[in-house]
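Chemist:
There are 2 protein chains.
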Amino acid sequence: GEQYRAISPAEFFYKYREIAGFSNPARALYQTIRELVENALDATDAHNILPDIKIVIRRADEVNPYYKIVVEDNGIGIPPHIVPEAFGRVLFSSKYVLRQTRGMFGLGAKVAILYGQITTGRPVEIVTSQPGLKRIYYFKLRIDINKNQPVILEKGSYRKNREWHGTIVSVTVEGDWSKAKSRIKEYIMRTAVVTPYANIVFISPEDEIIYYKRTINKLPRPPREVKPHPYGIDLEVLKRLISSGKYTTIYDLLTKSFQSIGDVTARTLLERAGIDPSHEPAKLREDKLLELTNVMKQYEKYRPPTSLALSPLGEEVIIAGLKRIYQPEFVEAITRRPAAYEGHPFIVEVGIAYGGRTPISTDRYPTLLRYANKIPLLYDEGSDVTTRIVKEEINWDNYLVKLPAPIVVLVHLCSTKIPFKGVGKESIADVDVIHKEIKLAILEVARRLRNYLSKKMKEEERRKK
Amino acid sequence: GEQYRAISPAEFFYKYREIAGFSNPARALYQTIRELVENALDATDAHNILPDIKIVIRRADEVNPYYKIVVEDNGIGIPPHIVPEAFGRVLFSSKYVLRQTRGMFGLGAKVAILYGQITTGRPVEIVTSQPGLKRIYYFKLRIDINKNQPVILEKGSYRKNREWHGTIVSVTVEGDWSKAKSRIKEYIMRTAVVTPYANIVFISPEDEIIYYKRTINKLPRPPREVKPHPYGIDLEVLKRLISSGKYTTIYDLLTKSFQSIGDVTARTLLERAGIDPSHEPAKLREDKLLELTNVMKQYEKYRPPTSLALSPLGEEVIIAGLKRIYQPEFVEAITRRPAAYEGHPFIVEVGIAYGGRTPISTDRYPTLLRYANKIPLLYDEGSDVTTRIVKEEINWDNYLVKLPAPIVVLVHLCSTKIPFKGVGKESIADVDVIHKEIKLAILEVARRLRNYLSKKMKEEERRKK
Ligand SMILES: Nc1ncnc2c1ncn2[C@@H]1O[C@H](COP(=O)(O)OP(=O)(O)OP(=O)(O)O)[C@@H](O)[C@H]1O
Ligand SMILES: Nc1ncnc2c1ncn2[C@@H]1O[C@H](COP(=O)(O)OP(=O)(O)OP(=O)(O)O)[C@@H](O)[C@H]1O
Ligand SMILES: [Mg+2]
Ligand SMILES: [Mg+2]
Chain A
1 GEQYRAISPA EFFYKYREIA GFSNPARALY QTIRELVENA LDATDAHNIL PDIKIVIRRA
61 DEVNPYYKIV VEDNGIGIPP HIVPEAFGRV LFSSKYVLRQ TRGMFGLGAK VAILYGQITT
121 GRPVEIVTSQ PGLKRIYYFK LRIDINKNQP VILEKGSYRK NREWHGTIVS VTVEGDWSKA
181 KSRIKEYIMR TAVVTPYANI VFISPEDEII YYKRTINKLP RPPREVKPHP YGIDLEVLKR
241 LISSGKYTTI YDLLTKSFQS IGDVTARTLL ERAGIDPSHE PAKLREDKLL ELTNVMKQYE
301 KYRPPTSLAL SPLGEEVIIA GLKRIYQPEF VEAITRRPAA YEGHPFIVEV GIAYGGRTPI
361 STDRYPTLLR YANKIPLLYD EGSDVTTRIV KEEINWDNYL VKLPAPIVVL VHLCSTKIPF
421 KGVGKESIAD VDVIHKEIKL AILEVARRLR NYLSKKMKEE ERRKK
Chain B
1001 GEQYRAISPA EFFYKYREIA GFSNPARALY QTIRELVENA LDATDAHNIL PDIKIVIRRA
1061 DEVNPYYKIV VEDNGIGIPP HIVPEAFGRV LFSSKYVLRQ TRGMFGLGAK VAILYGQITT
1121 GRPVEIVTSQ PGLKRIYYFK LRIDINKNQP VILEKGSYRK NREWHGTIVS VTVEGDWSKA
1181 KSRIKEYIMR TAVVTPYANI VFISPEDEII YYKRTINKLP RPPREVKPHP YGIDLEVLKR
1241 LISSGKYTTI YDLLTKSFQS IGDVTARTLL ERAGIDPSHE PAKLREDKLL ELTNVMKQYE
1301 KYRPPTSLAL SPLGEEVIIA GLKRIYQPEF VEAITRRPAA YEGHPFIVEV GIAYGGRTPI
1361 STDRYPTLLR YANKIPLLYD EGSDVTTRIV KEEINWDNYL VKLPAPIVVL VHLCSTKIPF
1421 KGVGKESIAD VDVIHKEIKL AILEVARRLR NYLSKKMKEE ERRKK
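In structure tokens form, the structure reads like this:
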């Protein structure tokens, strides 16, 4: 007969780890670095801390291709009672809130740890301390895949002898350094492009040291958690707000748990749904809830979702970052005004670097640096909305760019919900409003490049005479 | 402070349902049909039952764009005590075994039900009975998203008055029929192409009836569950076999729980790992387990994984399917010999139809019908390994095909583990050995087409004289 069974989320992502980016030793080594570095940066720049990040990859076995990866940060640390679940339970996260962060799924560190566990048997080691605490806490863990829970193999703490806060995560995985090397270095370099406010040190298995030194001392403004926007409503959202029991009237629930719903809006919505504002939320019938949900979705006069939840890089940071890496003769950036899709705010930022040490592009389109919530995206370029725009919808000749040319286009999308195509976070789906915004942003900076190149050409012609 | 929390798998796939294909009402309507039809076909053709599948989409509300979708099959049904979890618990499945089926994740029906629940509030209705049972069982369910468990709103049973077995699933979702219409019809048509042994009836919201009548009475041989192949080994697999307690010696564990490990191979592996064959599995130290895992992975003389786990269509079925839909002047098919990747067997099948009622392709490459485990893949064509081959690696001129041309290329990959790029099952990752097999298969059938076209051209030239 059929074997019916339930599996845990740990089992699911162990079984289908390729979908999370762990498809072969080279790619897994890359993804492990990514997940740990993205956690380290989330723990710093979202919390007003100038990041100091150290990444070490060491060969961990003479015979087998095992690599020990250590990532250290000076971030907010993790409370000791939280550490086991943060690293030992799949679908556990501090980022399930409405605020822009690199992390979003509650998966990254765990799948890396799972991969290390099944390929090398070695546990993950975590050392952490929050600012202000007197002690540093350490753990050796592995994941009970069947039950999706941590197994603490060792734990302890010791007194701090100096002011330190942050986290050190160490996993050992089967990898392929020679195959993964150029991608890993590219990832770290592209991370450095958008974090000129970070010190990043990378030590490779060949003992090569790459140091991206901080060049500006100001951080992008950190993101703040916000209330949901009514365009994000559905029946489940509404039911949960009701079952939280926090509101005595439906009017209170609407005005206090959503952004962009004030007195007038609340009364208008309730009137359209045929609900008395003083009605007890828990007593509303299901069909009334559905009607209210639909009325809320269809109302057209809300203030758009607040961009306080976002943390764009800003033009100064983009320019500083491109300068640090490419020393271009031309560099310009734009941070567009906030837009929204399905109740989520988003901002598109574009930077273009030209000349200087900017590498020559291919002959078909400029070198493209894609970013989402400050994460560099290197794979699945072909299925990303940005690639389609840069490659197929812009005639670079019109901007006096004769490809191949020393031109890099940086595109950064930030949002409280990036429409990633997969949990491996490699490409962005083609959402209409986002597509339009990205295109407008690129064209705007391209026009400035055209002005520059046109002036430059006239200069050169005049010099020839 | 940071809000650390765990979420259930239901919550995860509710929050990120776009990643599972539920990204907007049109796409969600399409995906709902897909998930239910794929379940219906798995319940029939994998179990020696000639499928009778009925698909009905009806408008369910005059004002709101709600659609009731009913899919009925004559399959093996579901035991009544299993129904609530099968449809109410995310990551519950009968397909987590080593056997080719369309389903694999334990998600499909649940995400469709979740989507219906949050957009229309209506519960899913299931009617089912297994062959030989005297009663038919019915349920009305919804999913408790927070706890990832079913909530039974109604259930009951009644006596059968005729011999019936199978399942009827009915969900009501917010959709967009006008936008989704052509894709849904295309999906059903492409399903019919590879199931000429199935009766498929589709009734649209416009009361249009499309009937694909069975044209052959033989089924592809059904897949059988098999033991894992040693190339699929990792530390977790080995530890689980040990903790099952079923084997008194490590020799027994190897020879009885794996395919392709006989007496000689077992002794060779154990000798290389420095383990006595009579050693009690539970007493093996961790480092010895890792050593054994590595020895097993590196051994090169295994018999390849058995293809009994697979259920290829077969050349007769592919030809009959292409004939049913295209009535082509030329049609040929090939089922390649089994191959393997990472311990999983796979078979590539290709069919080419030319002329007759075959539609004209675009001017750049033939019309491509992609299939994985008999599932038609319609989206994300650009990121699929097959597209890359058909579009970029084959010069169709060499095969006397002057594009645009009335040519359809059908490519079917079947395996116990399809390397899908995402849980929405739309495109296949570029795995080397699979890439090579697909290419060889297409070229082989393309050569036969070339022979045909060359003869045809000579005929026409001779007739002109
Ligand atoms: N270096 C770190 N400093 C502080 N907290 C961390 C660090 N690494 C992980 N965490 C905590 O552990 C949680 C789990 O991390 P994990 O990478 O598994 O998921 P995530 O970052 O929330 O989401 P994603 O899967 O998108 O990466 C994080 O949400 C964060 O709270
Ligand atoms: N029509 C059906 N007839 C018989 N069993 C069914 C039917 N539909 C669903 N099931 C059972 O319910 C289980 C869950 O279905 P669901 O679609 O959620 O997951 P799956 O098919 O196993 O995997 P996937 O997410 O890849 O579709 C199936 O594994 C199967 O056992
Ligand atoms: Mg993370
Ligand atoms: Mg299914």
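Residue numbers (this note's numbering), protein chains in the order written: chain A, 1 to 465; chain B, 1001 to 1465.
Ideal Cβ positions, reconstructed from N, Cα and C, are used throughout, including at glycine.
Quick caveat, the model's predicted, so the values are computed rather than measured.
Output the distance between the C-alpha atoms of A:Arg142 and A:Gly175, rounded to the nearest integer angstrom.
Modeler: Spanning the two alpha carbons is a distance of roughly 19 angstroms.
Chemist: Let me make sure I understand the geometry here. Which of B:Arg1059, B:Val1037, B:Arg1058 and B:Gly1088 has the alpha-carbon closest to that of B:Asp1073?
Modeler: Cα-wise, what sits closest to B:Asp1073 is B:Val1037.
Chemist: Closer than 8 angstroms, Cβ to any Cβ of chain A: which residues of the stretch 1085-1116 of chain B, in chain order?
Modeler: Cβ contacts with chain A: Glu1085, Ala1086, Arg1089, Leu1091, Phe1092, Ser1093, Ser1094, Tyr1096, Val1097, Phe1105 and Gly1106.
Chemist: Please look up how many angstroms separate the CB atoms of B:Ser1415 and B:Phe1346, rounded, as I've assumed it's under 8 angstroms.
Modeler: Contact flag correct, Cβ pair sits at about 4 angstroms.
Chemist: Between B:Gly1166 and B:Tyr1138, is the Cβ-Cβ spacing less than 9 angstroms?
Modeler: No, Cβ-Cβ distance for B:Gly1166 and B:Tyr1138 is not below 9 angstroms.
Chemist: Output the boundary residues of the alpha helix (DSSP H) element that contains A:Val45.
Modeler: For the sequence presented, residue 45 of chain A should be read as Asp rather than Val. Pro25 to Asp45 is the span of the alpha helix (DSSP H), which, as asked, contains A:Asp45.
Chemist: At which residue ranges does the stretch 212-237 of chain A contain complete beta strand (DSSP E) runs of 3 or more residues, listed in the order of the chain?
Modeler: Within the stretch 212-237 of chain A, no complete beta strand (DSSP E) run reaches 3 residues.
Chemist: Should A:Val71 be listed as close to ligand 1, given that the test is whether its C-beta is under 8 angstroms from any heavy atom?
Modeler: Within the cutoff, so yes.
Chemist: Looking at C-alpha atoms only, which residue of B:Val1127, B:Ile1184, B:Ser1093 and B:Lys1179 is the closest neighbour of B:Trp1164?
Modeler: If we check each option's Cα against that of B:Trp1164, B:Val1127 comes out closest.
Chemist: Tell me where the beta strand (DSSP E) around B:Arg1089 begins and ends.
Modeler: Here B:Arg1089 belongs to no beta strand (DSSP E), and DSSP marks it neither H nor E.
Chemist: Could you list which residues in chain A have their beta carbon closer than 9 angstroms to that of B:Asn1048, in chain order?
Modeler: Chain A residues near B:Asn1048: none, gap ~14 angstroms exceeds 9 angstroms.
Chemist: Sorry if obvious, but does the Cβ on A:Arg89 come closer than 8 angstroms to a heavy atom of ligand 3?
Modeler: No, since every heavy atom of ligand 3 falls outside the 8 angstroms radius drawn around the Cβ of A:Arg89.
Chemist: Is it buried or exposed for A:Ala441, if we count other Cβ within 10 angstroms and need 16 for buried?
Modeler: Looking at its Cβ environment, which holds 16 or more other Cβ atoms inside 10 Å, A:Ala441 is buried.
Chemist: Report yes or no: do the stretch 287-296 of chain A and the stretch 317-336 of chain A share at least 3 C-beta pairs separated by less than 8 angstroms?
Modeler: Not touching, per the Cβ criterion.
Chemist: Using a C-beta to C-beta distance shorter than 7 angstroms, which residues of chain B count as neighbours of A:Ile418?
Modeler: Residues of chain B passing the Cβ test: none, with the nearest at roughly 11 angstroms.
Chemist: Below 9 angstroms between beta carbons is the criterion; list the residues of the stretch 1001-1015 of chain B that meet it against any residue of chain A, in chain order.
Modeler: Hits within the stretch, in order: Gly1001, Glu1002, Gln1003, Tyr1004, Arg1005, Ala1006, Ile1007, Ser1008, Pro1009, Glu1011, Phe1012, Tyr1014 and Lys1015.
Chemist: B:Arg1142 lies in the alpha helix (DSSP H); which residues open and close that run?
Modeler: Taken as a continuous stretch (DSSP letters only), B:Arg1142 belongs to no alpha helix (DSSP H), being part of the beta strand (DSSP E) at Arg1135 to Asp1144.
Chemist: Check the Cβ of A:Glu236 against every Cβ in chain B and list those closer than 7 angstroms, keeping chain order.
Modeler: Ordered by position in chain B, the residues that pass the 7 angstroms Cβ test against A:Glu236 are Tyr1014, Ile1118 and Ile1145.
Chemist: Suppose you measure from the CA of B:Val1411 to the CA of B:Leu1368; what does that come to, to the nearest Å?
Modeler: Between B:Val1411 and B:Leu1368, the C-alpha separation is close to 8 angstroms.
Chemist: In the stretch 365-384 of chain A, which residues sit with their C-beta less than 8 angstroms from some C-beta in chain B, listed in chain order?
Modeler: The residues in question are Asp380, Gly382 and Ser383.
Chemist: Taking only heavy atoms of ligand 1 into account, decide whether any of them is closer than 8 angstroms to the Cβ of A:Arg102.
Modeler: Yes.
Chemist: Just checking: is the beta-carbon of A:Leu289 within a distance shorter than 9 angstroms of some beta-carbon in chain B?
Modeler: Yes, its Cβ sits closer than 9 angstroms to a Cβ of chain B.
Chemist: What's the call for A:Arg190, buried or exposed, on a 16-neighbour Cβ count within 10 Å?
Modeler: Burial call: buried.
Chemist: Do you know how far the Cα of B:Arg1336 is from the Cα of B:Arg1221?
Modeler: Those two C-alpha atoms are separated by around 16 angstroms.
Chemist: Would you identify the three-state DSSP class for B:Tyr1469, choosing helix, strand or coil?
Modeler: Look at the range of chain B in this structure, 1001 to 1465, and you will see that residue 1469 of chain B is not part of it.
Chemist: Along chain A, in chain order, which residues have C-beta atoms closer than 9 angstroms to that of B:Ser1023?
Modeler: In chain order: Pro419, Ala429 and Val431.
Chemist: Given this structure, state the Cα-to-Cα distance separating A:Ile78 from A:Arg272, to the nearest angstrom.
Modeler: Distance between the alpha carbons of A:Ile78 and A:Arg272: 47 angstroms.
Chemist: Between A:Arg240 and chain B, is there a C-beta pair that is closer than 9 angstroms?
Modeler: Closer than 9 angstroms to some Cβ of chain B, the Cβ of A:Arg240 qualifies, so yes.
Chemist: Rounded to the nearest angstrom, how far is the Cβ of A:Ala429 from that of B:Ser1023, given a contact under 8 angstroms?
Modeler: Between B:Ser1023 and A:Ala429 the Cβ distance is about 7 angstroms, and since that is below 8 angstroms, they are a contact.
Chemist: What residues from chain B crowd round A:Ile438, counting only those whose CB sits closer than 9 angstroms?
Modeler: Simply none; closest approach about 18 angstroms.
Chemist: Helix, strand or coil: how does DSSP classify A:Ala339 here?
Modeler: The answer is strand: DSSP assigns A:Ala339 an E or B state.
Chemist: For the pair the stretch 85-103 of chain A and the stretch 225-232 of chain A, tell me if three or more CB-CB distances fall below 8 angstroms.
Modeler: Yes, the stretch 85-103 of chain A touches the stretch 225-232 of chain A.
Chemist: How should B:Pro1281 be labelled, buried or exposed, when 16 other C-beta atoms within 10 angstroms of its C-beta is the threshold for buried?
Modeler: With 16 or more Cβ atoms within 10 Å of its Cβ, B:Pro1281 is classed as buried.
Chemist: Using only alpha-carbon positions, find the residue among A:Pro51, A:Thr268 and A:Leu453 that is nearest to A:Pro196.
Modeler: Comparing Cα positions, the closest option is A:Pro51.
Chemist: Compile a chain-ordered list of the residues in the stretch 1162-1186 of chain B whose CB is closer than 8 angstroms to at least one CB of chain A.
Modeler: Correct list: empty, as no residue qualifies.
Chemist: A:Ile55 and A:Ile168 - do their beta-carbons sit closer together than 9 angstroms?
Modeler: In this structure, A:Ile55 does not lie closer than 9 angstroms to A:Ile168 by Cβ.
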